[in-house]
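Trainee: Our numbering puts the first residue of the sequence shown at 440, with every later residue one more than the last. Got a structure for you, questions after.
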Amino acid sequence: MNQPLPAVSCGSTYLSETEVAVYSCILENQQTSRKFLNALAELEIPREQLEAAVTRLKELGLLRSHAKDEAVLVPVDPDLAAAALTAPIQESLQHKRHQLDQISVEFGRLRARFLEGRRRGTTGNIEVIAHLDEVRAALNRASDECREEVLSSQPGGGRSPEVLQEAISRDTALLARGVRMRTLYNHTARFNAPSQSYVSVMSGLGAEYRTVHDMFGRLIVFDRELAFIPDREGSLGAVVIREPSIVTYLCSVFENEWAHARPFADAAVDGLESVAKELDGTILRLLAAGYKDEAIGRRVGMSLRTTRKHVADIMETLGAVSRFQAGVLAARAGLLDEEPDADGADGAHGRRDGRAGAGGDEPATGAGDVGP
440 MNQPLPAVSC GSTYLSETEV AVYSCILENQ QTSRKFLNAL AELEIPREQL
490 EAAVTRLKEL GLLRSHAKDE AVLVPVDPDL AAAALTAPIQ ESLQHKRHQL
540 DQISVEFGRL RARFLEGRRR GTTGNIEVIA HLDEVRAALN RASDECREEV
590 LSSQPGGGRS PEVLQEAISR DTALLARGVR MRTLYNHTAR FNAPSQSYVS
640 VMSGLGAEYR TVHDMFGRLI VFDRELAFIP DREGSLGAVV IREPSIVTYL
690 CSVFENEWAH ARPFADAAVD GLESVAKELD GTILRLLAAG YKDEAIGRRV
740 GMSLRTTRKH VADIMETLGA VSRFQAGVLA ARAGLLDEEP DADGADGAHG
790 RRDGRAGAGG DEPATGAGDV GP
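Pasting the structure below:
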């Protein structure tokens with residue numbers, strides 16, 4: 440019967456220097472009595488360590504007692520000892536491999552039924568995925584299966600270099616298959632260096648990017664058949680939508696925003712003044728509509744600190760002492776009637792020092808982090 444593998448502490452080897460020395464000594468003498476080992480202990484090795492080494496070597500199967508005299512120790516071929524010692528491990532590995540194969544086959548059968556049921560509409564066309572790792576897996580699967588087009592709306596001032604690096608390999612594979620990719624960002628992404636580099640690389644491969652002053656939210660659509668939207672605020676989950684009428688509506692929302700968006704360019708090329716004025720115009724309209732700073736920041740893709748700085752500067756420019764008064768003064772001046780268009784019509788009093796996007800590159804959370 441196979442014996443359990445003797446325990447060994449984490450980071451240790453199975454044989455200590457003392458155990459190797461004892462085994463070598465016995466090997467040289469072929470059959471060594473404990474009396475000889477006791478004499479050896481008096482010279483170099485403490486008795487306790489010697490006894491422990493002999494016990495350990497017997498546990499590992501490297502020593503055995505002579506059939507006629509248990510006091511005599513006989514060395515065992517290390518290959519035979521290793522084979523006996525690892526047999527339970529090999530058996531366990533084979534069992535686990537069998538389990539893996541069985542799970543793959545049986546769950547694969549269910550996958551086929553699941554897809555068939557989805558096509559018949561029996562599983563529902565709206566699915567909520569609660570966990571981020573499952574969202575990533577679903578997005579990666581959708582990306583691998585995409586054939587024609589990806590539409591993506593990514594609010595926020597920019598994404599982290601790590602997220603963008605991950606997106607490059609995935610998006611490159613999509614473009615190599617001839618998939619058309621269009622992505623919307625907030626204007627503040629123009630001021631985010633990692634986003635500028637990412638857009639520059641991917642644009643050269645055929646992807647298309649535009650920016651808007653006020654986005655409708657996070658959205659990813661594959662082949663106009665499968666859409667991902669955030670689950671709820673503060674959640675890392677996503678809602679997967681396959682219902683054709685809803686997906687068609689979401690695509691129309693994207694197309695309308697795309698038609699009024701500007702082609703992506705970095706701030707230096709497109710001009711700080713124009714983008715800053717457009718952002719301030721949007722902030723002013725949201726301010727007059729009663730939005731709080733947190734909500735304004737989310738809409739325009741700025742951090743809360745930067746949003747508050749913009750609001751304070753706008754109020755100072757208007758000579759307002761309260762948010763309500765700022766809205767009244769802006770309305771009297773006709774500033775709320777100016778809606779920026781795709782050509783960049785000016786909004787309210789803009790920042791002239793080029794700080795429109797400062798602090799607006801907070802990493803986004805949720806499903807959009809792993810989207811194209």
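Each residue gets a CB set at the ideal place from its N, CA and C atoms; glycine is no exception.
Could you tell me the alpha carbon to alpha carbon distance between Ser684 and Cys690, rounded to whole angstroms?
Mentor: 10 Å
Trainee: Among the candidates Phe667, Leu496 and Ile465, whose CA atom is the shortest distance from the CA of Ala576?
Mentor: Nearest of Phe667, Leu496 and Ile465 to Ala576, Cα basis: Phe667.
Trainee: To the nearest whole angstrom, what separates the beta carbons of Pro594 and Gly656, a pair I think is in contact under 8 Å?
Mentor: 6 Å
Trainee: What distance in whole Å lies between the Cβ atoms of His626 and Leu725, which are believed to be in contact at a cut-off of 8 Å?
Mentor: Going by Cβ atoms, the distance from Leu725 to His626 rounds to 14 Å, so no, they are not a contact pair.
Trainee: Do Leu603 and Tyr637 come within 8 Å of each other at the CB atom, strictly closer than that value?
Mentor: yes
Trainee: Would you report the Cα separation of Tyr814 and Ala526, rounded to the nearest angstrom?
Mentor: Because the chain is modelled from 440 through 811, residue 814 falls outside the range shown and cannot be assessed.
Trainee: Give every residue of the same chain whose Cβ lies closer than 7 Å to the Cβ of Pro517, excluding the five residues on either side of it in the sequence, and list them in chain order.
Mentor: Leu501
Trainee: How about Ala727 and Ala770: are their beta carbons less than 8 Å apart?
Mentor: yes
Trainee: For Ala510, does the three-state DSSP call read helix, strand or coil?
Mentor: coil
Trainee: How many angstroms separate the CA atom of Leu549 from the CA atom of Ala523?
Mentor: Cα to Cα, the separation comes out at about 40 Å.
Trainee: So, are the CB atoms of Leu512 and Val493 less than 8 Å apart?
Mentor: yes
Trainee: Give the list of continuous alpha helix (DSSP H) stretches no shorter than 4 residues that lie fully inside the region 625-672.
Mentor: 632-643
Trainee: Provide the residue(s) that pair with Val678 in DSSP beta bridges, ordered along the chain.
Mentor: Val567 and Ile668
Trainee: Do Phe661 and Ala581 have their C-beta atoms closer together than 8 Å?
Mentor: In this structure, Phe661 sits near Ala581, with a CB-CB distance shorter than 8 Å.
Trainee: Distance check for Met620 and Ala751, CA to CA, integer angstroms please.
Mentor: 38 Å
Trainee: Leaving out five residues on either side along the sequence, give the residues of the same chain with a beta carbon under 8 Å from the beta carbon of Pro514.
Mentor: Tyr462, Ile465, Leu466, Gln469, Leu501 and Leu502
Trainee: Name, in chain order, the residues that DSSP records as bridge partners for Ser591.
Mentor: Thr622 and Ile659
Trainee: For Ser531, does the count of other Cβ atoms within 10 angstroms reach 16, so buried, or fall short, so exposed?
Mentor: exposed
Trainee: Run through DSSP, which three-state label would Arg495 get?
Mentor: Assigned with DSSP and collapsed to three states, Arg495 falls in helix.
Trainee: Find the nearest neighbour of Gly643 within the set Ala628, Ile607, Glu456 and Met741, judged by alpha-carbon distance.
Mentor: Ile607
Trainee: Taking C-alpha atoms, which residue in Glu509, Arg552 and Thr457 lies nearest to Arg486?
Mentor: Thr457
Trainee: Strictly by DSSP, which residues pair up with Leu502?
Mentor: Answer by DSSP bridge pairing, in chain order: Pro514.
Trainee: Just checking my contact of Tyr453 with Leu489 at CB under 8 Å: how many whole Å lie between their CB atoms?
Mentor: At roughly 18 Å, the Cβ-Cβ gap does not stay under 8 Å, so Tyr453 and Leu489 are not in contact.
Trainee: Where does Arg586 sit, in a helix, a strand or coil, going by DSSP?
Mentor: coil
Trainee: Which residue marks the beginning of the alpha helix (DSSP H) containing Pro683, and which one marks its end?
Mentor: Pro683 to Ala698
Trainee: Use the C-beta contact count for Gly547: other C-beta atoms within 10 angstroms, 16 or more gives buried, fewer gives exposed.
Mentor: exposed
Trainee: Mind checking who Arg701 pairs with in its DSSP beta bridge?
Mentor: Thr650
Trainee: Let me check understanding here. Comparing Cα to Cα, which of Leu590, Cys585, Ala460 and Pro633 lies closest to Glu605?
Mentor: Nearest C-alpha to Glu605: Pro633.
Trainee: Compute the beta-carbon to beta-carbon distance between Val679 and Glu566, rounded to the nearest angstrom, for a pair I have assumed lies under 8 Å.
Mentor: 4 Å
Trainee: In the DSSP assignment, the alpha helix (DSSP H) including Val739 goes from what residue to what residue?
Mentor: Asp732 to Val739
Trainee: Could you name the residues of the same chain whose beta carbon sits closer than 7 Å to that of Val459, not counting the 5 residues immediately before and after it, in chain order?
Mentor: Excluding positions up to five away in sequence, the list is empty.
Trainee: I think Ser592 touches Leu658, with their Cβ atoms under 8 Å apart; what is that distance to the nearest whole Å?
Mentor: 4 Å
Trainee: Taking the alpha carbon of Pro669 as the point to measure from, which residue in Leu571, Leu519 and Tyr688 has its own alpha carbon closest?
Mentor: Leu571
Trainee: Note down, in chain order, each residue of its chain lying with its Cβ closer than 6 Å to the Cβ of Leu590, except the 5 sequence neighbours on either side.
Mentor: Arg621, Val660 and Phe693
Trainee: May I ask which residues mark the beginning and end of the alpha helix (DSSP H) holding Leu614?
Mentor: Its alpha helix (DSSP H) spans residues Pro600 to Ala615.
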